[in-house]
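Residue numbers for the sequence shown follow our numbering, so the first one is 3 and each next one is one higher. Cβ coordinates follow ideal geometry from the N, Cα and C atoms, glycine included. Here is the structure we will look at, set down as C-alpha cells.
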Amino acid sequence: MANPEKSGSAYAQAYGIYKLYGWDGINKLIANAKILDSSSLIYKGVAAGEYPLGVTMEYAAHRYIAGGDKNIGIVYPTDGAFVSPEATGIVKNCPHPEEAKKLVDYLISKPVEDEIFIKFSRRPARLDAGDVESLPSLKEITILKSFDPMEADKLEKEILAKWKEIVLSK
C-alpha cells in the first residue's frame with residue numbers, strides 16, 4: 003500500500019479502512035503490509051511480480067487488464083468497496099450559465115463517460131456507462147456507503163498523525 007502521508011488516493015484508502023474496521027483494522031493493515039512512497043509503485047510492483055497483491059485504485063489495475071496483462075486481476079473485498087467521488091459543477095452566478103449547463107450535460111453524457119472509461123479506466127458514476135467485460139458492474143459490487151469526503155477531509159490530520167504513530171511503533 004502507498005503511504006497516505008504522501009498520496010491522496012492512499013489516504014482515501016486508509017480512511018475507507020478506518021471507516022470499515024477502525025483503528026484495529028489500520029493496525030492489522032500496517033502490521034501486514036509494505037508501505038511504499040508512491041501509489042504507482044503498488045500496481046507496477048504487482049504487475050512485475052514483486053508483490054502478490056496491492057491496495058490500489060481500480061483504474062490503475064484496470065489499465066493493465068485492458069492492456070492485455072493476464073497476470074493482473076482485481077479483487078473486490080466481500081465486506082465492500084468504496085468509491086471516491088470526482089465532480090464537476092457550475093459556479094453560481096457565472097457569466098454564461100446556459101453554456102456551462104451544456105458543457106456539464108455533455109461531460110456527464112453516456113458517450114463521453116464511456117470514452118473516458120475506455121481511455122483512462124476511470125469508472126463513471128453512471129450505472130449505464132463504463133460497463134466492459136473486464137470489470138463487474140457497479141451493481142455487482144458491494145459499495146460501502148460510509149465514505150464521506152467531507153468527513154475524510156476533516157479527519158485527515160488526525161488519521162495521518164495516528165497512522166504515523168503506528169508505523170513508527172512497528
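Residue environment, Asn5, which counts as buried when at least 16 other CB atoms sit within 10 Å: In the sequence shown, the residue the question calls residue 5 occupies position 3. Asn5 comes out buried.
Which residues does DSSP list as the beta-bridge partners of Leu31? Within the sequence shown, numbered from 1, the residue matching residue 31 stands at position 29. According to DSSP, Leu31 bridges with nothing at all.
Counting only runs of 4+ residues fully inside the segment 24 to 89, write out the alpha helix (DSSP H) ranges in chain order. 41 to 49, 60 to 68
Cβ-based burial, Thr80 [other Cβ within 10 Å; buried from 16]: Taking the first residue of the sequence shown as 1, we reach residue 80 at position 78. Thr80 is exposed by the Cβ-count criterion.
First and last residue of the uninterrupted alpha helix (DSSP H) at Asp116: Counting from one through the sequence shown, the residue named residue 116 turns up at place 114. Its alpha helix (DSSP H) spans residues 112 to 122.
Rounding to the nearest angstrom, what Cα-Cα distance links Ser136 and Tyr66 in this structure? The residue given as residue 136 occupies position 134 in the sequence shown. The residue given as residue 66 occupies position 64 in the sequence shown. One C-alpha to the other measures close to 11 Å.
Does the distance from the CB of Ile28 to the CB of Met3 come in under 8 Å? Indexing the sequence shown from 1 puts residue 28 at position 26. Indexing the sequence shown from 1 puts residue 3 at position 1. Not closer than 8 Å, so no.
Identify whether Ile145 lies in helix, strand or coil by the three-state DSSP scheme. Position 143 of the sequence shown, counting from 1, holds the residue named residue 145. Strand.
What does DSSP give as the partner residue(s) for Ala4 in the beta ladder? The sequence position of residue 4 within the sequence shown is 2, counting from 1. Answer is Leu38.
With a threshold of 8 Å, are at least 3 pairs of Cβ atoms found where one atom belongs to the segment 163 to 172 and the other to the segment 85 to 105? no
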